[in-house]
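Engineer: Here it is, the structure in full.
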Amino acid sequence: MLFGLFFIWITIGIKIDAIDVSHYQVKGLYIKLDKKLTLKADKITIPKSKSNASVAGIDTVLERIKYVLTFFDYIDLNEIHFNNNVLGIHYHNNIIQIESKEYLVRGNVHRKGKILQGNILMLYLKKRHITLHGTFAYHLDQDRIETQGTIAYKGLSGQFFANKVADDIYLSFQSKDFEDMKSLLEGLPMSSKLKYWLAEGVQAKSYRIDSFTAQGKIQDKRFVLDKKSIQTKMLFSDVDILFKKELAPLKASVLLLTYTEDDGVLFTLTKPRYLGKNLDGSSVSILNVQDNNSTLHVNLKFDTRFDSTIQDLLKAYKVKLPILQKSGRVKASVDIALGFKKKHFSLQTQIELGKGELLIQKLSLPIVSGTLYYKDKEVILKDIELKHPSYVGQLNGKVQLKKKAFTGVFDAQYIKLGSKEAPFFSSK
Numbered sequence: 140m141l142f143g144l145f146f147i148w149i150t151i152g153i154k155i156d157a158i159d160v161s162h163y164q165v166k167g168l169y170i171k172l173d174k175k176l177t178l179k180a181d182k183i184t185i186p187k188s189k190s191n192a193s194v195a196g197i198d199t200v201l202e203r204i205k206y207v208l209t210f211f212d213y214i215d216l217n218e219i220h221f222n223n224n225v226l227g228i229h230y231h232n233n234i235i236q237i238e239s240k241e242y243l244v245r246g247n248v249h250r251k252g253k254i255l256q257g258n259i260l261m262l263y264l265k266k267r268h269i270t271l272h273g274t275f276a277y278h279l280d281q282d283r284i285e286t287q288g289t290i291a292y293k294g295l296s297g298q299f300f301a302n303k304v305a306d307d308i309y310l311s312f313q314s315k316d317f318e319d320m321k322s323l324l325e326g327l328p329m330s331s332k333l334k335y336w337l338a339e340g341v342q343a344k345s346y347r348i349d350s351f352t353a354q355g356k357i358q359d360k361r362f363v364l365d366k367k368s369i370q371t372k373m374l375f376s377d378v379d380i381l382f383k384k385e386l387a388p389l390k391a392s393v394l395l396l397t398y399t400e401d402d403g404v405l406f407t408l409t410k411p412r413y414l415g416k417n418l419d420g421s422s423v424s425i426l427n428v429q430d431n432n433s434t435l436h437v438n439l440k441f442d443t444r445f446d447s448t449i450q451d452l453l454k455a456y457k458v459k460l461p462i463l464q465k466s467g468r469v470k471a472s473v474d475i476a477l478g479f480k481k482k483h484f485s486l487q488t489q490i491e492l493g494k495g496e497l498l499i500q501k502l503s504l505p506i507v508s509g510t511l512y513y514k515d516k517e518v519i520l521k522d523i524e525l526k527h528p529s530y531v532g533q534l535n536g537k538v539q540l541k542k543k544a545f546t547g548v549f550d551a552q553y554i555k556l557g558s559k560e561a562p563f564f565s566s567k
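Every number in the numbering used here is 139 more than the matching position in the sequence shown, counting from 1.
Pasting the structure below:
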């Protein structure tokens, strides 16, 4: 009789202004049963804390949504107060909306056999200002979730794909062109100096994420990212790379950034130029991005005259070579290593000399070929072939920049002193 009376009462509709039982409070409660239940409440107070939303609990949430679809037709719970949060839950016309301090999610959910399908009309993460739209499919009997859609974050927008199979999660993302690199770097696990260099040291007209893939696992109800799985490709257009304030920027029409944990960050440059000089073949990389040994490596390749442009570049790093090329061309390779967290700096130079005239201080040398090396404040001259009307041979030696001293050996094929017509000394 009581059950029958309650059934009749609930089909008519139950309205209660306030309920207060053991610190649980409900205000403005309304329950009605037609084919399914209608539930309304202005305010519900629950005397305990609410656990933070976690990707680990998404299966449980979707299971609850399954029962909501089964038993309820209409839900309006305006305020559910916990000790640490306030939640709002609304379900009308097959659209469910949940809002908390951290997020707002609104979606269309329906069940098709053993698959729970839905459209994510909006998911807004309030603290990070991230907005997502998309679709998902939850396979009830396989513990598998597939989702895809669009994401927007501070001027960055693109397509995302994510799958969860048991405790394994797979992610991928690609973006449209965007202009703000600094916002993208916020929250990433890298040093502030490295972030500053990526945002300020590399400036581009536009950026695009061609691909980002990663995976991880649910462990102790938390998502743990597998850092080794991260792979990224980004495209920079109309690029200026600023190595040092005193130097003009290295320019490139296109820069391709690739990242893996093993190789670090690699920059592939298209048409790199420095003050109009061709730097084809140059490269930039950052190793050990995620630890204290993160280091910027720069390799600049010149195919030009060893003139004041290259001299000024080296002087900016306090390297003063007493060498100048008056004629001819060289193939120069300048290697720079700069630590971000642990401060360290090194510079090495290799110069392949072509036919021309080389000045070491005031000494003029007619070069045929040879190699110059700079390392640890010393210049090494190796296999320098000299050809002059008065002498021919090979020079090997060392310039000590601190002592301003040169020592070396000239292996002469012949030496002739005096005028061409009347030499007074000749030796072969």
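Note that the Cβ used here is the ideal one computed from N, Cα and C, for glycine as well.
Which residue from Gln533, Ser529, Leu534 puts its Cα closest to that of Ser565?
Structural biologist: If we check each option's Cα against that of Ser565, Ser529 comes out closest.
Engineer: Please go through the segment 223–296 and give each complete beta strand (DSSP E) segment of 3 or more residues, from N-terminal end onward.
Structural biologist: DSSP runs (the beta strand (DSSP E)) wholly in the segment 223–296: 225–231, 234–238, 242–251, 254–264, 269–278, 283–292.
Engineer: So Thr443 and Val469 are supposed to be a Cβ contact under 8 Å. How far apart are they, rounded?
Structural biologist: Contact flag correct, Cβ pair sits at about 7 Å.
Engineer: For the pair the segment 332–351 and the segment 488–502, tell me if three or more CB-CB distances fall below 8 Å.
Structural biologist: Short answer: they don't touch.
Engineer: Lys383: which of Tyr398, Trp336, Lys174 sits nearest, CA to CA?
Structural biologist: Here the closest residue by C-alpha is Trp336.
Engineer: Where in the segment 413–499 do unbroken runs of the beta strand (DSSP E), each at least 3 residues long, occur, reported from the N-terminal end onward?
Structural biologist: Taking only runs of at least 3 residues, the beta strand (DSSP E) segments lying wholly in the segment 413–499 are 422–426, 434–443, 462–466, 469–478, 484–492, 495–499.
Engineer: Is there a Cβ from chain D that is less than 9 Å from the Cβ of Thr409?
Structural biologist: Reference to chain D is not applicable here, since this structure consists of a single protein chain.
Engineer: For Leu221, does the three-state DSSP call read helix, strand or coil?
Structural biologist: Contrary to the premise, residue 221 reads as Phe rather than Leu in this sequence. Phe221: coil per DSSP, three-state reduction.
Engineer: Return the chain-ordered list of same chain residues with a C-beta closer than 6 Å to the C-beta of Leu264, the five sequence neighbours on each side being excluded.
Structural biologist: Taken in chain order, the residues that qualify are Tyr242.
Engineer: Would you give the residue range spanned by the alpha helix (DSSP H) that Leu364 belongs to?
Structural biologist: First-last for Leu364: 361–364, but that is the beta strand (DSSP E), not the alpha helix (DSSP H).
Engineer: In whole angstroms, what separates the C-alpha of Tyr277 from that of Ile214?
Structural biologist: C-alpha separation (whole angstroms): 22 Å.
Engineer: Indicate whether Val393 and Leu381 have their beta-carbon atoms separated by less than 9 Å.
Structural biologist: Contact flag unset, no.
Engineer: For Tyr513, is the classification buried or exposed, using 16 other Cβ atoms within 10 angstroms of its Cβ as the cut-off for buried?
Structural biologist: Flag for Tyr513 reads buried.
Engineer: Where does Phe484 land, buried or exposed, given buried means 16+ other C-beta within 10 angstroms?
Structural biologist: With fewer than 16 Cβ atoms within 10 Å of its Cβ, Phe484 is classed as exposed.
Engineer: Tell me whether Leu337 sits in a helix, a strand or coil according to DSSP, three-state version.
Structural biologist: Residue state, collapsed to three classes: helix.
Engineer: Ignore the nearest five residues each way along the sequence and tell me which others in Thr96's own chain have a CB closer than 7 Å to its CB.
Structural biologist: Not covered by the structure: residue 96. The range shown for the chain is 140 to 567.
Engineer: Does the distance from the C-beta atom of Thr397 to that of Thr371 stay below 9 Å?
Structural biologist: Contact: yes.
Engineer: I'd like the list of long-range same chain contacts for Asn247, defined as Cβ closer than 7 Å, with 5 residues on each side in sequence excluded.
Structural biologist: Asn233, Ile234, Gly257, Asn258, Leu260, listed in sequence order.
Engineer: Please go through the same chain and pick out, in chain order, the residues whose beta-carbon is closer than 6 Å to the beta-carbon of Gln164, but skip the five residues on each side of it.
Structural biologist: The residues are Thr184.
Engineer: Using a Cβ-Cβ cutoff of less than 6 Å, which residues in the same chain neighbour Ser422 once the five nearest sequence positions on both sides are dropped?
Structural biologist: Taken in chain order, the residues that qualify are Asn438.
Engineer: If distances are taken between C-alpha atoms only, which option among Glu238, Lys189, Thr399 comes closest to Ser424?
Structural biologist: Among Glu238, Lys189, Thr399, the Cα nearest to that of Ser424 belongs to Thr399.
Engineer: Would you report the Cα separation of Lys179 and Lys187, rounded to the nearest angstrom?
Structural biologist: Each residue's Cα considered, the two are about 21 Å apart.
Engineer: Exposed or buried, which one is Phe479 when buried takes at least 16 other CB atoms within 10 Å?
Structural biologist: That one is buried.
Engineer: On the DSSP bridge assignment, give the partners of His527 in chain order.
Structural biologist: DSSP, once it has assigned bridges, lists Tyr530 as partnering His527.
Engineer: Of the choices Gln539, Leu295, Lys303, whose alpha-carbon is the least far from that of Leu275?
Structural biologist: In the sequence under discussion, the amino acid at residue 275 is Phe, which differs from the Leu named in the question. Checking every option, the nearest Cα to that of Phe275 belongs to Lys303.
Engineer: May I ask you to report which of helix, strand or coil DSSP gives Lys367?
Structural biologist: Three-state result, Lys367: helix.
Engineer: Would you tell me roughly how many angstroms separate the C-alpha atoms of Leu426 and Lys454, rounded to the nearest one?
Structural biologist: Going by the C-alpha atoms only, they are around 25 Å apart.
Engineer: Considering only C-alpha positions, which residue in the set Thr510, Ala353, Gly294, Lys332 is nearest to Ala301?
Structural biologist: Ranking the options by Cα distance to Ala301, first place goes to Ala353.
Engineer: Measuring only the C-alpha atoms, how far is Ala291 from Lys182?
Structural biologist: Looking at the two C-alpha atoms, the distance is approximately 33 Å.
Engineer: Beta-carbon separation of Phe640 and Arg347 under 9 Å?
Structural biologist: Only positions 140 to 567 of the chain appear in the structure, and residue 640 is not among them; the question remains open.
Engineer: Determine the DSSP secondary structure at Ser331, reduced to helix, strand or coil.
Structural biologist: In this structure, Ser331 counts as helix in the three-state DSSP scheme.
Engineer: Using DSSP with H/G/I as helix, E/B as strand and the rest coil, what is Leu324?
Structural biologist: Residue state, collapsed to three classes: helix.
Engineer: Measure the C-alpha to C-alpha separation of Ser433 and Lys526 and round it to an integer number of angstroms.
Structural biologist: The alpha-carbon atoms of Ser433 and Lys526 are separated by roughly 46 Å.
Engineer: Which residue from Lys521, Ile308, Gly403, Phe210 puts its Cα closest to that of Tyr230?
Structural biologist: The candidate whose alpha carbon is nearest that of Tyr230 is Phe210.
Engineer: Report the CB separation of Ile523 from Ile506 in whole angstroms; it is logged as a contact under 8 Å.
Structural biologist: Between Ile506 and Ile523 the Cβ distance is about 6 Å, and since that is below 8 Å, they are a contact.
Engineer: Determine the DSSP secondary structure at Phe382, reduced to helix, strand or coil.
Structural biologist: Note: Phe382 maps to coil in three-state DSSP.
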